[in-house]
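*Asks:*
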Amino acid sequence: MTRIHRPDLVPDAALSRADMEAMQHEIAREAVFEDDFAFDLETLTNPLAATSASTSSGSGGGSSNGSGSSRHTGSTTQPVVAGVDQSFLLDSEPERALSAIVVTQGDEVLERVFAVTPLEIPYVPGLLSFREGGPILEAVENLTTDPDMFLFDGSGRIHFREAGIATHMGVVLDAPSVGVAKSLLCGEATGDLENLAAGTRVPIEANARVETDPGTLLGYAVQTKQYDSPNRYVNPLYVSPGHRVGPETAADLALALSTGYKLPEPVRLADSYADEAKGELD
DNA sequence: GCGACAG
DNA sequence: ATCTTGTCGC
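Read in the UniProt record's numbering, the first sequence has 131 at position 131, and its numbers run on one by one without any break.
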């Protein structure tokens, strides 16, 4: 079961920097930054995700999303979500990446797979997918299930050329994808991000550092968890569309998949599995 | 030249 | 990302 729909856009670490950036421009053109998937969002009911799909703020909105008038009585199937994360083996020659994927559906873990791959190039801000994309695709080849969507640790549209790792992988796989980053690569929040209440979101717009019209909505700072007391507070997550998902939906998904921890469950599980598997290596 | 910079 | 002890808070 090969899921590569765009072999020509598979990240190649041997490319020159200019060619990598040119490929990212093409990826951004191919990317769909609005909802275009078949699963039902309303099956993901998390008390934290108060906004829901009713937050249809005017424009945008993909209409390729089936009948929006029919209501389901709870018998609909929940989407199969894949969380992707990596751990690294920096003391080997060459360095290697361990890509882990945990596939979930509601509270169930359908499968866990991983792949260990030698790293060819160093980390360069803006070119992360050319370092980690290959290793991730190798892990994807080990999947037995067919996820409805992928959640990546890193940015999607919040990227200098609107082609972060979540977007790159989403386009190559032609699968709905979302980027979940712990820090902001570029762009600018439209409001204060300090001590936001759980369930809250603040728009992240393009600024001069992004190659697109300033003010373009790239994603959201999303508060998936927050402490009640005054002393300490949690920083928000930076959630952006990868492919075939709009910014509102990306934020809705991050909140709906969160279960009391900062990271959405699929990526949180992939994160710990990546470390666990690394410890069991020969 | 200086600052900014996912994982 | 990774290397690590302690430590604050619930």
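C-beta: ideal position from N, C-alpha, C; glycine also.
Every value quoted in this text rests on a predicted model; they were computed, and no experiment measured them.
Any contact of the stretch 107-119 with the stretch 172-185, i.e. 3+ C-beta pairs under 8 Å?
*Replies:* The answer is no - the stretch 172-185 does not touch the stretch 107-119, with fewer than three Cβ pairs under 8 Å.
*Asks:* Does the separation of the CB atoms of ALA270 and ASP85 fall below 8 Å?
*Replies:* Yes. Within cutoff.
*Asks:* Of all the options THR190, ASP153 and GLY260, which has the alpha carbon lying nearest to the alpha carbon of residue 286?
*Replies:* Because the chain here runs from 1 to 282, residue 286 falls outside it and cannot be looked at.
*Asks:* How far does the beta strand (DSSP E) with PRO118 in it reach, from first residue to last?
*Replies:* First-last of the beta strand (DSSP E) with PRO118: 108-118.
*Asks:* Can you tell me where the alpha helix (DSSP H) holding TYR273 begins and where it ends?
*Replies:* Start and end: 265-279.
*Asks:* Can you say whether ASP19 is buried or exposed, counting buried as having 16 or more other CB atoms within 10 angstroms of its CB?
*Replies:* Classification for ASP19: exposed.
*Asks:* Check for me: the alpha helix (DSSP H) holding GLN24 runs from which residue to which?
*Replies:* Its alpha helix (DSSP H) spans residues 17-30.
*Asks:* Report yes if the CB atom of GLY191 is closer than 8 Å to the CB atom of LEU218, and no otherwise.
*Replies:* Cβ distance not < 8 Å, so GLY191 and LEU218 don't count as in contact.
*Asks:* I'd like to know whether the C-beta atoms of ILE165 and GLY133 end up nearer to each other than 8 Å.
*Replies:* Going by C-beta atoms, ILE165 is nearer than 8 Å to GLY133.
*Asks:* Tell me the residue span of the alpha helix (DSSP H) that contains ILE165.
*Replies:* Start and end: 165-173.
*Asks:* Name the DSSP beta bridge partners of GLN86, please?
*Replies:* Paired residue(s): SER99.
*Asks:* Spatial neighbours of ARG244 within its chain, please: C-beta separation below 6 Å, excluding the five flanking residues on both sides.
*Replies:* For ARG244, where only same-chain residues beyond five positions count, the Cβ hits under 6 Å are VAL32, ASP36, PHE37 and PRO176.
*Asks:* Specify, as a first and last residue, the run of the alpha helix (DSSP H) that ILE136 falls within.
*Replies:* Note, ILE136: alpha helix (DSSP H), 128-141.
*Asks:* Taking all protein chains shown into account, do 16 or more other C-beta atoms lie within 10 angstroms of the C-beta of residue 284, making it buried, or fewer, making it exposed?
*Replies:* Since the first and last residues shown for the chain are 1 and 282, residue 284 lies out of range.
*Asks:* Looking only at its chain, what residues have a beta carbon closer than 8 Å to the beta carbon of HIS72, apart from the 5 residues adjacent to it on each side?
*Replies:* Only weak support is given to the placement of HIS72: the predicted model assigns it a pLDDT of 42, under 50, and the question is left unresolved by the model.
*Asks:* Would the stretch 240-255 count as touching the stretch 82-96 if we require 3 or more Cβ pairs under 8 Å?
*Replies:* No: fewer than three Cβ pairs fall under 8 Å.
*Asks:* Return the residue from the list VAL234, ALA28, VAL81 and VAL210 that minimises the CA-CA distance to ASP148.
*Replies:* It is VAL81.
*Asks:* Are the beta-carbon atoms belonging to PRO264 and LEU173 less than 8 Å from one another?
*Replies:* The answer is no: Cβ separation not under 8 Å.
*Asks:* Indicate the three-state DSSP secondary structure (helix, strand or coil) for PRO7 in the structure shown.
*Replies:* Three-state DSSP puts PRO7 in a helix.
*Asks:* So LEU119 and ALA97 are supposed to be a Cβ contact under 8 Å. How far apart are they, rounded?
*Replies:* Contact flag correct, Cβ pair sits at about 5 Å.
*Asks:* For ARG131 and GLY83, what's the separation of their Cα atoms in angstroms?
*Replies:* In a straight line, the C-alpha of ARG131 is about 19 Å away from that of GLY83.
*Asks:* So for ASP252, helix, strand or coil by DSSP?
*Replies:* ASP252: helix per DSSP, three-state reduction.
*Asks:* Please go through the same chain and pick out, in chain order, the residues whose beta-carbon is closer than 7 Å to the beta-carbon of ASP275, but skip the five residues on each side of it.
*Replies:* Hits under 7 Å: SER87.
*Asks:* Just to check my reading of the structure: THR212 and GLU162 have Cβ atoms closer than 8 Å, yes? What is that Cβ distance to the nearest angstrom?
*Replies:* About 6 Å separates the two Cβ atoms, so the contact holds.
*Asks:* List the whole-angstrom C-beta distance separating ASN142 from ALA115, where the pair is believed to meet the contact cut-off of C-beta under 8 Å.
*Replies:* That belief holds up - the Cβ atoms of ASN142 and ALA115 are roughly 6 Å apart, short of 8 Å.
*Asks:* Looking at LEU137: is its Cβ nearer than 8 Å to the Cβ of VAL267?
*Replies:* No, the pair does not count as a contact, with Cβ atoms beyond the cut-off.
*Asks:* Give me whichever residues DSSP pairs with GLN105 in a beta bridge.
*Replies:* GLU108, per the DSSP bridge assignment.
*Asks:* Please classify SER54 as buried or exposed, where buried requires at least 16 other C-beta atoms within 10 Å of its C-beta.
*Replies:* Low confidence applies to SER54: its pLDDT is 32, below 50, so where it sits in the model is not reliable enough to give any reading.
*Asks:* SER183 and TYR238 look like a contact to me (Cβ under 8 Å); what is the Cβ gap, rounded to whole Å?
*Replies:* Right, their Cβ atoms sit about 7 Å apart.
*Asks:* Could you compute how far the alpha carbon of SER155 sits from the alpha carbon of ASP146?
*Replies:* Spanning the two alpha carbons is a distance of roughly 22 Å.
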